[in-house]
Amino acid sequence: MRISKLLGLLALPLVAFSTPLYAAKTCELSIDGNDQMQFSKKEMRVGADCTEIKLTLKHVGKLPKAAMGHNWVLTKASDMNAVDAAAASAGPANDYIPKEDQRIIAHTKLIGGGETASVTFSATKLKAGEDYKFFCSFPGHVATMNGAFIQEQASKS
Ligand code: ZN
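Heads up, the sequence shown is in numbering that gives the first Met the number 0, so the first residue is 0 and it goes up one at a time.
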């Protein structure tokens, strides 16, 4: 009697603190852009348990937006070049973001030296097994400013 009560008390915290399988989890990522037309990362990863992703881009350079603007745009790898071309047409008035382009999964605004921008998006926009790329859509920057965006898969256990 006394032992079973003790076991019951021990089990209680385990039940209370176990995480629901699909608990909301915002995963934060950060990346820098500089005056040398470079991102600080060539690859970004998010865990399979992230339900939402918050990306923060910081421009650590000094040059103004008009000369060395950076943004962070996420698309399927296969869409990157076409979206980049559309971005050039959209022009600086639109932060080099084509309006209502369904191929863009997420993007920040365009920023200049010393500025920071963030974007939060749902992980449900990502599909398992798809290849994604992040890049800067300022004209000419995609060549050096791009990288792989990887959503890790849940282990099959
Ligand atoms: Zn850029």
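Cβ atoms here follow ideal geometry from the backbone N, Cα and C, with glycine treated the same way.
N-terminal and C-terminal residue of the beta strand (DSSP E) that A116 is part of: For the purposes of this step, residue 116 is taken as residue 117 along the sequence shown, with counting starting at 1. Taken as a continuous stretch (DSSP letters only), the beta strand (DSSP E) holding A116 covers T115 to S121.
Beta-carbon proximity check, T107 vs L62, cutoff 8 Å: Counting from one through the sequence shown, the residue named residue 107 turns up at place 108. Counting from one through the sequence shown, the residue named residue 62 turns up at place 63. No, these two residues do not count as a Cβ contact at 8 Å.
Beta-carbon proximity check, E87 vs E151, cutoff 8 Å: As a first step, residue 87 is located in the sequence shown; it is residue number 88 there, counting from the start. As a first step, residue 151 is located in the sequence shown; it is residue number 152 there, counting from the start. Correcting the residue type first, residue 87 is Ala in the shown sequence and not Glu. Contact flag unset, no.
Rounded separation between L28 and I52 - CA only: Numbered from 1 along the sequence shown, position 29 holds the residue referred to as residue 28. Numbered from 1 along the sequence shown, position 53 holds the residue referred to as residue 52. Spanning the two alpha carbons is a distance of roughly 7 Å.
Nonlocal neighbours in the same chain, by C-beta distance under 8 Å from A127, ignoring five residues either side: Counting from 1 along the sequence shown, the entry for residue 127 is found at position 128. Around A127: Q150 and Q152.
Nonlocal neighbours in the same chain, by C-beta distance under 6 Å from A173, ignoring five residues either side: Only positions 0 to 156 of the chain appear in this structure, which leaves residue 173 out of reach.
Residues sharing a beta bridge with M43, DSSP: Position 44 of the sequence shown holds residue 43. The partner list for M43 (beta bridge, DSSP) reads F148.
H140 CB to nearest heavy atom of the ligand ZN below 7 Å: As a first step, residue 140 must be located in the sequence shown, where it is residue number 141. Yes, the beta carbon of H140 sits closer than 7 Å to at least one heavy atom of the ligand ZN.
Rounded distance between the beta-carbons of N70 and D100, thought under 8 Å: As a position in the sequence shown, residue 100 is number 101, starting the count at 1. As a position in the sequence shown, residue 70 is number 71, starting the count at 1. Not a contact, Cβ separation roughly 13 Å.
S29 - containing beta strand (DSSP E), residue span: Numbered from its first residue, the sequence shown carries residue 29 at position 30. Taken as a continuous stretch (DSSP letters only), the beta strand (DSSP E) holding S29 covers T25 to G32.
Opening and closing residue of the alpha helix (DSSP H) in which V82 lies: Reading the sequence shown from its first residue, position 83 is the one you call residue 82. Here the alpha helix (DSSP H) through V82 covers M79 to A89.
Rounded straight-line distance, which links the Cα of R102 to that of K132: Position 133 of the sequence shown holds residue 132. Position 103 of the sequence shown holds residue 102. Computed Cα separation, rounded: 12 Å.
Exposed unless 16 or more other CB atoms sit within 10 angstroms - verdict on G32: Sequence index remark: in the sequence shown, residue 32 carries index 33 (1-based). Buried is the call here.
Counterpart residues of T74 in DSSP-defined beta bridges: Start at 1 with the first residue of the sequence shown, and residue 74 comes out as number 75. K132.
Range covered by the beta strand (DSSP E) that runs through K57: Looking up residue 57 in the sequence shown gives position 58. Start and end: E51 to H58.
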